[in-house]
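Quick notes on the structure that follows.
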């Protein structure tokens, strides 16, 4: 055994956790060190370990957690392992939710899908995350990622247009649906995409303008780049004195307001049925064909 090996080992253990003092296992008090279950009893072996790659890696790990006790290091490693396990199941959960959304699978089927994957032997499946609330959380995370990519493309566009429409949800709460049209600088093509739905407690021109400006400010979209505004033909939108388009023109004199073609077509179809009695029959036939093949 080395002279003063106990004190020397305690000093070395501060830098290298692979040097383990095992005197408690030896009643005779002889100090020995274990390096990967190898008994070290002379100075030559200890010097060889000092120059090894294992020792250098252990010293670097020890320095990385300098100032922490053995229990803190153990907790840190346990947390890292737990985080890795949680990360794998979260990734699996997000992939499942993405597939379910694309395939129009109800969110209440998440638990049965995870159970089937567990029976099939898929690694990392955890029944802890089979509640539908985790589906909503994963869906929100996916929405944020998609929205961030969409906003990044819109920010790169030299200008954009906004289209809005009013709607109510199942509870009768009023919402403003916003769509954005911009130039994709990667393909130089015009892109029209759904942007967001915002609750609107005041369905006046002032309220709609305030909601739209708040959305643009939240998404860091420069309102000075807004060159077009599309909407339906309601007076609250296209009123020549107090409409939403008029209030936007007060700040953006070059803004072009467009009456939505889809809304205008719906109005035209309503008027055309009075002059063409066969038109409702044709419309019903087209709807039946669509339902049959859809």
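In our numbering, the protein residues as written are 13 to 306.
Note that CB positions come from ideal geometry on N, CA and C, so glycine has one too.
Which residue or residues does DSSP assign as beta-bridge partners of residue 252? DSSP lists no partner for residue 252.
Q: Work out the CA separation of residue 281 and residue 159 for me, nearest whole Å.
A: Roughly 35 Å between the two C-alpha positions.
Query raised in the report: In angstroms, rounded to a whole number, what distance separates the CA positions of residue 206 and residue 229?
Result: Taking the straight line joining both Cα atoms gives about 17 Å.
message: In the DSSP assignment, the alpha helix (DSSP H) including residue 230 goes from what residue to what residue?
response: Unbroken alpha helix (DSSP H) run through residue 230: 217 to 230.
Notebook entry, point to check: Where does the unbroken alpha helix (DSSP H) through residue 283 begin, and where does it stop?
Noted result: First-last of the alpha helix (DSSP H) with residue 283: 273 to 287.
Just mark residue 144 as buried or exposed, buried being the case when its beta carbon has 16 or more other beta carbons within 10 Å. By the Cβ neighbour-count rule, residue 144 is exposed, with fewer than 16 other Cβ atoms within 10 Å of its own.
Inter-residue CB distance, residue 215 and residue 239 (contact presumed, cutoff 8 Å)
Going by Cβ atoms, the distance from residue 215 to residue 239 rounds to 25 Å, so no, they are not a contact pair.
Using alpha carbons as the reference points, say which of 108, 114, 115 and 135 lies closest to residue 124.
When each option's Cα is compared against that of residue 124, the closest is 108.
Among residues of its own chain, excluding the 5 on either side of residue 113, which ones have a beta-carbon nearer than 6 Å to its beta-carbon?
-> Cβ within range, chain order: n/a, list empty.
| request: Let me know if residue 260 comes out buried or exposed under the rule of 16 or more other beta-carbons within 10 Å of its beta-carbon. | output: Buried is the call here.
*asked:* residue 241 and residue 173 - do their beta-carbons sit closer together than 8 Å?
replied: Cβ atoms of residue 173 and residue 241: closer than 8 Å.
Exercise. Look up residue 169 in the DSSP assignment and say whether it is helix, strand or coil.
Key: Note: residue 169 maps to coil in three-state DSSP.
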